[in-house]
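Chains as they are written, first to last, in this note's numbering: chain S, 1 to 499; chain C, 1 to 158.
From the three backbone atoms N, C-alpha and C, an ideal C-beta is built for every residue, glycine too.
Data block below; observations after.
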Amino acid sequence: MTGLPGIEVIGDGLSLLLRPESLLWLALGMLAGLIVGGIPGFNDTNFLAMMLPFSIYLGPMNAVIFMMACFCASQAAGSIPAILLNIPGTPSNAPTCLEGFRLTRQGKAGQALGASIISSTVGGLLSALFAVVLTPVVGVYALSFGPAEMFMMALFGLTAVGSLTGKSTIKGLFSSALGLFVACVGTEFNHGYTRAAFGFFELFEGFPLIPVLLGVFGFAELFSLVKEESLVEEGRQVFTGYGPIFEGMREALRYWGNMLRSGLIGIIIGLIPGTGAAIATWVSYGQARQWSKEPEKFGTGHYEGLVASDACNNGVPGGALIPTVTLGIPGSGTTLVVMAALMINGVTPGPSFFSEHAQEAYAILFSLVLANLLLLPLGLGVARLAAQVTAVPNRYLVPIIALFCLAGGFAWRSMVFDMSLVVVFGLLGALLARYGYSVPAFLLALLLGPLAERNFYWAVEIGGLDSFLRPIALVILLATVGVLILPPLLKKMEKRGRG
Amino acid sequence: MAKIRRRIDLGEAIVPGLGLLFGGAYFLQTTDAPADALYWPILTALVAGPLWLAVVLSFVWVRREESRPRPRLGWLWGPGRRVSFILAASIGYLLVIPWLGFSLTNFVFMLAVFRGLGGRKRWTNTAVALGITVFLHVALVVLMKQSLPQLELGWISL
Numbered sequence: 001m002t003g004l005p006g007i008e009v010i011g012d013g014l015s016l017l018l019r020p021e022s023l024l025w026l027a028l029g030m031l032a033g034l035i036v037g038g039i040p041g042f043n044d045t046n047f048l049a050m051m052l053p054f055s056i057y058l059g060p061m062n063a064v065i066f067m068m069a070c071f072c073a074s075q076a077a078g079s080i081p082a083i084l085l086n087i088p089g090t091p092s093n094a095p096t097c098l099e100g101f102r103l104t105r106q107g108k109a110g111q112a113l114g115a116s117i118i119s120s121t122v123g124g125l126l127s128a129l130f131a132v133v134l135t136p137v138v139g140v141y142a143l144s145f146g147p148a149e150m151f152m153m154a155l156f157g158l159t160a161v162g163s164l165t166g167k168s169t170i171k172g173l174f175s176s177a178l179g180l181f182v183a184c185v186g187t188e189f190n191h192g193y194t195r196a197a198f199g200f201f202e203l204f205e206g207f208p209l210i211p212v213l214l215g216v217f218g219f220a221e222l223f224s225l226v227k228e229e230s231l232v233e234e235g236r237q238v239f240t241g242y243g244p245i246f247e248g249m250r251e252a253l254r255y256w257g258n259m260l261r262s263g264l265i266g267i268i269i270g271l272i273p274g275t276g277a278a279i280a281t282w283v284s285y286g287q288a289r290q291w292s293k294e295p296e297k298f299g300t301g302h303y304e305g306l307v308a309s310d311a312c313n314n315g316v317p318g319g320a321l322i323p324t325v326t327l328g329i330p331g332s333g334t335t336l337v338v339m340a341a342l343m344i345n346g347v348t349p350g351p352s353f354f355s356e357h358a359q360e361a362y363a364i365l366f367s368l369v370l371a372n373l374l375l376l377p378l379g380l381g382v383a384r385l386a387a388q389v390t391a392v393p394n395r396y397l398v399p400i401i402a403l404f405c406l407a408g409g410f411a412w413r414s415m416v417f418d419m420s421l422v423v424v425f426g427l428l429g430a431l432l433a434r435y436g437y438s439v440p441a442f443l444l445a446l447l448l449g450p451l452a453e454r455n456f457y458w459a460v461e462i463g464g465l466d467s468f469l470r471p472i473a474l475v476i477l478l479a480t481v482g483v484l485i486l487p488p489l490l491k492k493m494e495k496r497g498r499g
Numbered sequence: 001m002a003k004i005r006r007r008i009d010l011g012e013a014i015v016p017g018l019g020l021l022f023g024g025a026y027f028l029q030t031t032d033a034p035a036d037a038l039y040w041p042i043l044t045a046l047v048a049g050p051l052w053l054a055v056v057l058s059f060v061w062v063r064r065e066e067s068r069p070r071p072r073l074g075w076l077w078g079p080g081r082r083v084s085f086i087l088a089a090s091i092g093y094l095l096v097i098p099w100l101g102f103s104l105t106n107f108v109f110m111l112a113v114f115r116g117l118g119g120r121k122r123w124t125n126t127a128v129a130l131g132i133t134v135f136l137h138v139a140l141v142v143l144m145k146q147s148l149p150q151l152e153l154g155w156i157s158l
């Protein structure tokens, strides 16, 4: 068995990263990530896939450093349009919209951006350090997640978000069920039968996530923005200077426990191949609400929810990198591209990666630490500029947001049909929000539906119903039941206590 | 003891109604599907069904004092029918874009919506619309090479 690399190898990895050439690619990756993450509908996976052919010219080290820096920065930058315009820059920023945009409406855009930056930095740093220290030993445990555990994880996410984010538990759970049902549209994986595409070939693969997400979040918000003159509610202050950003950072740091827990959730879910940040942030948001002393404030512009979403979001890259480099199993779409960049340069990630390329492996891991350290100053500069958008009157902002949503919807698959989905789901999102249903639960169900279905089939095929009784699956099932029972129980206990 | 009068907020029926319509259309479309392909949707419907019923019962049996003042859909129109205006403008955008191309449609859409939402400064409206149109054209068509619908004018594509 190969032992762990010595301290000299770790030092060599660090010095490899600190070469001017590597630092330049790191800075360029950060810049590209901040831009790509800030544009709704475009994600880092697509951008990095487009960059893949150029990675041959960069070499494996520079290519991966560029990609990891871009990954980190885009995760954080996706929060900027989520906070300012209620348009999630990447799917994982959707929970940020719930709290961040409410804060913007209250004239606290600067505070929200500050809270987002510090949470992203802390979550990212935690994840990067975790990756540096534990990558050689931890990755192997992710393999113990089979289809039954993956199904249970999906069930847990849906129940947690559904029961905690609706106006009532029933409406929240119904939103989850509705989302699961809508996710049943499209070609089924077992027989290749196309289920209810309603005559549209564009729906053969089901409802595409990005247009639906842009619709229920960004476009739906237009129906409420259009009724008012300004983004910031009347009588509230428009954001100026760095003061509010620092104030937001202080507010966020009050929830340091939540910040660390959310970062850890990001790392753990990032570790599980095939899950990704979009699922992690919802789980983290749901957990933060469950543990919160003020759960009723969630959804009204509460820093605790914002911290949970952003710390977790930036916790994912480190977690996702671990199975990628140690097992050759990418934890997310972006790490899949990173792995491809290594492979086309003749480096194969896997169990032998640390023994054969220890110096390069540590340089890649340290690039994650450095990228997260740079996120704070760079994020401050970008946030200061971006927050000026709150001073723009709604009559200008509304059509611009509408265009960004429509163009973002198109960009995903280059189909005009997807633009109509943005409008249709925009209207549905407005209706769901208006009548107290849970938009997050609906979206998460749409995202997890295919994953849950596939893993359910596999689990039953492989081990029958008994496979759901394996220890890890059983623990997740118990947690799911706990999520359903605990909130009303705690409420009852609180009432009794107050009485 | 005073009798509690119950009333139904019709707006509350929209989402369950849409859900029911979708479910009906879904199973109608999949009548020829192999049984295996429908296990998961049926399982989902079995979970959704009781929840749907619970949602419907929750607003049908709501107490009067807890219900909204009047069942109406005024929010859908908004002040000056702005909500319906933006919805109509977006539908118009989708209908026109294959003919006018991405950039020209963006420009016309913005000018129309600026005006419709109360922007009276003609030059400001034009400058903002032009700026955003050029930005989106450069970003999406020139740099990202997106194959958006374009209007071919011989020497230029918009």
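With distances taken from CA atoms, which of the options is nearest residue i?
| i | options | result |
| --- | --- | --- |
| C:L153 | C:A112, C:L104, C:V138 and C:L94 | C:L104 |
| S:R395 | S:T121, S:L126 and S:L222 | S:L222 |
| S:D418 | C:W52, C:L94, C:T31 and C:A88 | C:L94 |
| C:F22 | S:S284, S:L180, S:L465 and S:V122 | S:L180 |
| S:P91 | S:G299, S:S127, S:T281 and S:L85 | S:T281 |
| S:G515 | S:A452, S:G463, S:S438 and S:L113 | Because chain S spans 1 through 499 in this model, residue 515 of chain S falls outside it and cannot be assessed. |
| S:S292 | S:V337, S:M259, S:E21 and S:G436 | S:M259 |
| C:F107 | S:V422, S:L446, S:Y435 and S:P399 | S:P399 |
| S:G172 | C:T133, C:I132 and C:L51 | C:L51 |
| C:D32 | S:R195, S:E8 and S:C184 | S:R195 |
| S:S262 | S:R250, S:R105 and S:A277 | S:A277 |
| S:V9 | S:P323, S:A363, S:G162 and S:E296 | S:A363 |
| C:L117 | S:L48, S:L58 and S:K227 | S:K227 |
| S:T480 | S:G107, S:M153, S:A115 and S:L103 | S:M153 |
Cα separation between residue i and residue j?
| i | j | result |
| --- | --- | --- |
| S:G27 | S:I87 | As written in the sequence, residue 27 of chain S is Ala, which differs from the Gly given in the question. Roughly 26 Å separates the two Cα atoms. |
| S:I507 | S:S355 | Since the displayed chain S opens at 1 and closes at 499, residue 507 of chain S lies outside it and no answer follows. |
| S:A340 | S:L134 | 23 Å |
| S:G218 | S:L24 | 35 Å |
| S:A361 | S:L271 | 17 Å |
| S:Y285 | S:L214 | 20 Å |
| S:I485 | S:S230 | 42 Å |
| S:H302 | S:E99 | 6 Å |
| S:A63 | S:S55 | 5 Å |
| S:S414 | S:T348 | 33 Å |
| C:L148 | C:L111 | 20 Å |
| C:F135 | S:V307 | 32 Å |
| S:G199 | S:T187 | 13 Å |
| S:V132 | C:D36 | 45 Å |
| S:R454 | S:P95 | 25 Å |
| S:I265 | S:W256 | 14 Å |
| C:E12 | S:A430 | 13 Å |
Which partner residues of residue i appear in the DSSP bridge assignment?
| i | result |
| --- | --- |
| S:T194 | S:T187 |
| C:S157 | C:E152 |
| S:N393 | Checking the displayed sequence, the identity of residue 393 of chain S turns out to be Pro instead of Asn. In the DSSP output, where bridge partners are listed per residue, S:P393 has S:S230. |
Secondary structure at residue i, three-state DSSP: helix, strand or coil?
| i | result |
| --- | --- |
| C:D9 | coil |
| S:P208 | coil |
| C:L148 | coil |
| C:V142 | helix |
| C:S67 | Reliability fails at C:S67, whose pLDDT of 49 lies under 50, so the model's placement of it is uncertain and no value is given. |
| S:S168 | coil |
| S:S230 | strand |
| S:E461 | helix |
| S:M419 | helix |
| S:A383 | helix |
| S:T159 | helix |
| C:V55 | helix |
| S:F145 | coil |
Residue i and residue j: beta carbons closer than 8 Å?
| i | j | result |
| --- | --- | --- |
| C:V83 | S:L432 | no |
| S:I401 | S:L203 | no |
| S:P244 | S:G110 | yes |
| S:A73 | S:L375 | yes |
| S:L31 | S:S22 | no |
| S:I170 | C:A54 | yes |
| S:L129 | S:V369 | yes |
| S:A69 | S:G33 | yes |
| S:V216 | S:G426 | yes |
At a cut-off of 7 Å, would you count residue i as near the ligand COA, judging by its Cβ distance to the nearest heavy atom?
| i | result |
| --- | --- |
| S:V307 | The ligand COA is absent from the structure shown, which contains no ligands of any kind. |
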